[in-house]
Amino acid sequence: MNNKFDYILELFYAIYSIDFPVEISYGLDGLSKIQISKGDTSFFDGDSAQPETVVWKVWNEEKIPFLFDGNDEKEIIGVVNGQVIINYDIIASSFFFLSGWQEYKTQQKDRLGRFPYSESIQYKLNLVELPLVNYYFDILKQALEQVYDKELKVKLWGDGEYGTFISHDIDLCESAWKQGSLSELARGRVSSPFYLLSKKLFSNDDWFNFDLIMELEKRHLAKSTFYFLCENKKVNNYPNADYDISDKKFLPVFDNILKNESELGIHGSLGTSNDAAKLKLEMRKIPGDIEGGRFHALVYDIHKTPDIIEEAGLKYDSTLGFAEHIGFRNSFCFPFFPYDIKNDQPYKFLEIPLMVMDATLKMKKYMGLTPDEAGKAISSLMREVRKFNGCFSILWHNNFYSNYKFSGWREIMEQVLQEGSTEGSRYFTGKEISDIYRSQMR
Numbered sequence: 003m004n005n006k007f008d009y010i011l012e013l014f015y016a017i018y019s020i021d022f023p024v025e026i027s028y029g030l031d032g033l034s035k036i037q038i039s040k041g042d043t044s045f046f047d048g049d050s051a052q053p054e055t056v057v058w059k060v061w062n063e064e065k066i067p068f069l070f071d072g073n074d075e076k077e078i079i080g081v082v083n084g085q086v087i088i089n090y091d092i093i094a095s096s097f098f099f100l101s102g103w104q105e106y107k108t109q110q111k112d113r114l115g116r117f118p119y120s121e122s123i124q125y126k127l128n129l130v131e132l133p134l135v136n137y138y139f140d141i142l143k144q145a146l147e148q149v150y151d152k153e154l155k156v157k158l159w160g161d162g163e164y165g166t167f168i169s170h171d172i173d174l175c176e177s178a179w180k181q182g183s184l185s186e187l188a189r190g191r192v193s194s195p196f197y198l199l200s201k202k203l204f205s206n207d208d209w210f211n212f213d214l215i216m217e218l219e220k221r222h223l224a225k226s227t228f229y230f231l232c233e234n235k236k237v238n239n240y241p242n243a244d245y246d247i248s249d250k251k252f253l254p255v256f257d258n259i260l261k262n263e264s265e266l267g268i269h270g271s272l273g274t275s276n277d278a279a280k281l282k283l284e285m286r287k288i289p290g291d292i293e294g295g296r297f298h299a300l301v302y303d304i305h306k307t308p309d310i311i312e313e314a315g316l317k318y319d320s321t322l323g324f325a326e327h328i329g330f331r332n333s334f335c336f337p338f339f340p341y342d343i344k345n346d347q348p349y350k351f352l353e354i355p356l357m358v359m360d361a362t363l364k365m366k367k368y369m370g371l372t373p374d375e376a377g378k379a380i381s382s383l384m385r386e387v388r389k390f391n392g393c394f395s396i397l398w399h400n401n402f403y404s405n406y407k408f409s410g411w412r413e414i415m416e417q418v419l420q421e422g423s424t425e426g427s428r429y430f431t432g433k434e435i436s437d438i439y440r441s442q443m444r
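Just remember that this note's numbering sits 2 ahead of the position in the sequence shown, which is counted from 1.
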């Protein structure tokens, strides 16, 4: 477990910018100022996807599970002979979630090859909306503050209380005249299709709304990242883009995005998550140096995709979220370096975990919420991120800014921006977050 222990500590140090020597042992050595009790780590020598039993304790007003301990009668932090003892294995529990161990050892996949939310321990314990690893880190933070009499603060976000990463997957920007018209007709609004068709013919499709998005973000001093699809052919009857990325009409769009200090990224089409050559080919279709992306439909195979990302030369990814439910797929509200379980070492690319996707909230096969219900769910998740000064990550597709088929959803994004500004968030592109993290690693 030595490499795993070092991996967890490096992530902890990066968050709290610890620049003084500390004594932390993994296991009760009777010597170190802080000692973390080691649980049943033989679990990681086997093929089980999830531990069979957990211990529940209350920390920071939440009931949280410890995965590799059998005694629930101990206090979480104790003092013995002047040494601080953390009585539960926060290292193994943190590693379980951050490494994606359950995905690595599970054979179950949905029709797109994704790890199903219903197979996750977060689903089974009903804890997907809690960043559990941050609660474990908070235990270590309190122990360090107690021993070294220093207040540990997150210094990643400049003068911000927390960071916000807004991204837009550009799947459909030429289809409002069709899909929007059908939606309007179903509501008895017979004049709308004529408006949408005329707008398509004489200007731009209503979903070709990049200027609207950037204007809204500028009002809140925000910036964002736009991920473009570079394939418009279906794969196994599943749609990719409804546009041709080589169309010259996109050139001023790209220019405006960059002028607004936002970012261009790659939205890898279906199949690229296990095909580095195709991913690199698509990256070349977008101007400039592309440093990050997200795979279409959140397709990510833990056995293949991390190696594809590294081979393609991407510095960061932002695919890891559950399509079926908002929350924390890796139970963490900060970016992190994924772990190569096979080679027992971290990967070089940064993962900016996806916490909220608009389609997750709206679609009946997922959460099926109304805009008002969605707004409340997002706000609750934002409070969890703020609790730890983390990085709130939200995906809002460009068509969700339109009143046609998606009426009421732009207002929810406006609420998110307003709440972020009011609560002291600062906004970052994926590239900026990647640069910040690399500067913090020891």
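Where a beta carbon is used, it is the ideal one built from N, C-alpha and C, also for glycine.
Own chain partners of residue i with C-beta closer than 7 Å, once the 5 adjacent residues on each side are dropped
{"i": "Thr-43", "result": "Met-3, Phe-70, Ala-94"}
{"i": "Ala-51", "result": "Gln-104, Lys-107, Thr-108"}
{"i": "Asp-346", "result": "Asn-5"}
{"i": "Gly-162", "result": "Gly-426, Ser-427, Arg-428"}
{"i": "Ile-123", "result": "Gln-52, Gln-104"}
{"i": "Asp-246", "result": "Asn-234"}
{"i": "Leu-316", "result": "Glu-293, Gly-294, Gly-295, Phe-351"}
{"i": "Gly-160", "result": "Arg-428"}
{"i": "Glu-282", "result": "Note on identity: in this sequence residue 282 is Lys, with Glu being the wrong assignment. These residues qualify, in order along the chain: Ala-314."}
{"i": "Leu-214", "result": "Tyr-403"}
Whole-number beta carbon distance between residue j and residue i, since they are thought to touch under 8 Å
{"i": "Thr-166", "j": "Gly-426", "result": "So it is not a contact: roughly 10 Å between Cβ atoms."}
{"i": "Tyr-403", "j": "Ile-168", "result": "About 12 Å; that fails the 8 Å criterion."}
{"i": "Asp-140", "j": "Phe-390", "result": "7 Å"}
{"i": "Met-415", "j": "Trp-398", "result": "5 Å"}
{"i": "His-170", "j": "Tyr-229", "result": "7 Å"}
{"i": "Gly-290", "j": "Lys-280", "result": "No, Gly-290 and Lys-280 are not in contact; Cβ-Cβ is about 20 Å, not under 8 Å."}
{"i": "Leu-100", "j": "His-222", "result": "About 31 Å separates the two Cβ atoms, so there is no contact after all."}
Top-ranked residue by Cα proximity to residue i, from the options
{"i": "Lys-407", "options": "Arg-331, Ala-376, Gln-181, Gly-377", "result": "Gln-181"}
{"i": "Lys-261", "options": "Gly-270, Ile-292, Asp-49, Lys-225", "result": "Lys-225"}
{"i": "Ile-275", "options": "Asp-303, Gly-267, Trp-58", "result": "It is worth fixing the name first, because residue 275 is Ser in this sequence and not Ile. Of the candidates Asp-303, Gly-267, Trp-58, the one whose C-alpha sits nearest the C-alpha of Ser-275 is Asp-303."}
{"i": "Asp-47", "options": "Gln-442, Lys-367, Leu-174, Lys-344", "result": "Lys-344"}
{"i": "Glu-386", "options": "Asp-74, Tyr-137, Tyr-229, Ile-17", "result": "Tyr-137"}
{"i": "Arg-116", "options": "Val-301, Gly-315, Thr-431", "result": "Val-301"}
{"i": "Ser-382", "options": "Tyr-150, Gly-329, Gly-370", "result": "Gly-329"}
{"i": "Glu-263", "options": "Thr-431, Asn-73, Arg-113, Ser-194", "result": "Thr-431"}
{"i": "Asp-49", "options": "Val-82, Gly-315, Phe-336, Phe-98", "result": "Phe-98"}
{"i": "Arg-388", "options": "Thr-424, Ala-376, Ile-215, Val-237", "result": "Thr-424"}
{"i": "Phe-22", "options": "Glu-121, Leu-127, Tyr-150", "result": "Tyr-150"}
{"i": "Val-82", "options": "Asp-437, Gly-392, Gly-32, Lys-65", "result": "Gly-32"}
{"i": "Gln-148", "options": "Glu-54, Leu-218, Asn-332, Gly-84", "result": "Gly-84"}
{"i": "Leu-218", "options": "Arg-331, Arg-412, Arg-191", "result": "Arg-412"}
{"i": "Leu-129", "options": "Arg-440, Arg-331, Val-24", "result": "Arg-331"}
{"i": "Asn-405", "options": "Phe-252, Leu-253, Tyr-318, Arg-191", "result": "Arg-191"}
{"i": "Met-357", "options": "Gln-110, Ala-379, Asn-401", "result": "Ala-379"}
Cβ-Cβ distance between residue i and residue j below 8 Å
{"i": "Phe-334", "j": "Val-135", "result": "yes"}
{"i": "His-298", "j": "Ser-271", "result": "yes"}
{"i": "Lys-323", "j": "Gly-294", "result": "Note on residue identity: the sequence assigns Gly, not Lys, to residue 323. Not a contact, by the Cβ cut-off of 8 Å."}
{"i": "Ala-178", "j": "Asp-208", "result": "yes"}
{"i": "Ile-311", "j": "Ile-435", "result": "no"}
{"i": "Pro-67", "j": "Trp-61", "result": "no"}
{"i": "Ile-10", "j": "Ser-96", "result": "yes"}
{"i": "Ile-288", "j": "Phe-212", "result": "no"}
{"i": "Asp-2", "j": "Leu-231", "result": "No answer is possible for residue 2: it lies beyond the span of the chain, which begins at 3 and ends at 444."}
{"i": "Gly-377", "j": "Gln-417", "result": "yes"}
{"i": "Glu-284", "j": "Thr-227", "result": "no"}
{"i": "Asp-342", "j": "Pro-308", "result": "yes"}
{"i": "Glu-176", "j": "Phe-204", "result": "no"}
{"i": "Ile-92", "j": "Leu-132", "result": "no"}
{"i": "Leu-158", "j": "Ile-438", "result": "yes"}
{"i": "Phe-164", "j": "Gly-392", "result": "Note that residue 164 corresponds to Tyr in the displayed sequence, not to Phe. In this structure, Gly-392 lies closer than 8 Å to Tyr-164 by Cβ."}
Own chain residues within Cβ distance below 6 Å of residue i, not counting five before or after
{"i": "Ile-87", "result": "Gln-37, Gly-80"}
{"i": "Ser-27", "result": "Ser-34, Gln-37"}
{"i": "Gly-410", "result": "Pro-373"}
{"i": "Tyr-368", "result": "Glu-326, Thr-362"}
{"i": "Tyr-197", "result": "none"}
{"i": "Tyr-18", "result": "Leu-154"}
{"i": "Gly-102", "result": "Ile-304"}
{"i": "Gly-255", "result": "Per the sequence presented here, residue 255 reads as Val, with Gly not at that position. Correct list, in chain order: Phe-212."}
{"i": "Pro-348", "result": "Tyr-9, Phe-339, Tyr-341"}
{"i": "Ser-74", "result": "According to the sequence provided, residue 74 is Asp. The question's Ser does not apply to it. So the list reads Val-57, once near-sequence residues are dropped."}
heavy atom of the ligand NAD below 7 Å from residue i C-beta
{"i": "Asp-244", "result": "The ligand NAD is absent from the structure shown, which contains no ligands of any kind."}
Sequence-distant residues of the same chain with beta carbon closer than 8 Å to residue i, five excluded per side
{"i": "Tyr-125", "result": "Tyr-119, His-327"}
{"i": "Gly-29", "result": "Gln-37, Ile-38, Ser-39, Lys-40"}
{"i": "Ala-145", "result": "Ile-36, Ile-79, Val-86, Ile-88"}
{"i": "Lys-76", "result": "Asn-89, Tyr-90"}
Within-8 Å CB hit, residue i to chain C
{"i": "Ala-325", "result": "No chain C appears in the structure shown, which is made up of a single protein chain."}
Which runs of the beta strand (DSSP E) spanning at least 3 residues fall entirely within the stretch 109–188, listed in chain order? Here the runs fully enclosed are 164–172.
Enumerated in chain order, which unbroken segments of the alpha helix (DSSP H) with a length of 4 residues or greater are wholly contained in the stretch 57–107? For the stretch 57–107, the continuous alpha helix (DSSP H) assignments of 4+ residues that do not extend past its boundaries occur at 92–100, 103–106, in sequence order.
Taking only runs that begin and end inside the stretch 360–419, name each unbroken beta strand (DSSP E) of 3 or more residues, in chain order. The qualifying runs are 393–397.
Any beta strand (DSSP E) of 3 or more consecutive residues that is wholly inside the stretch 289–321: Runs of the beta strand (DSSP E) lying entirely within the stretch 289–321 and spanning at least 3 residues, in chain order: 294–297.
Jot down the residue ranges of each uninterrupted beta strand (DSSP E) in the stretch 15–59, minimum 3 residues, whole runs only, in chain order. Listed in chain order, they are 26–28, 36–38.
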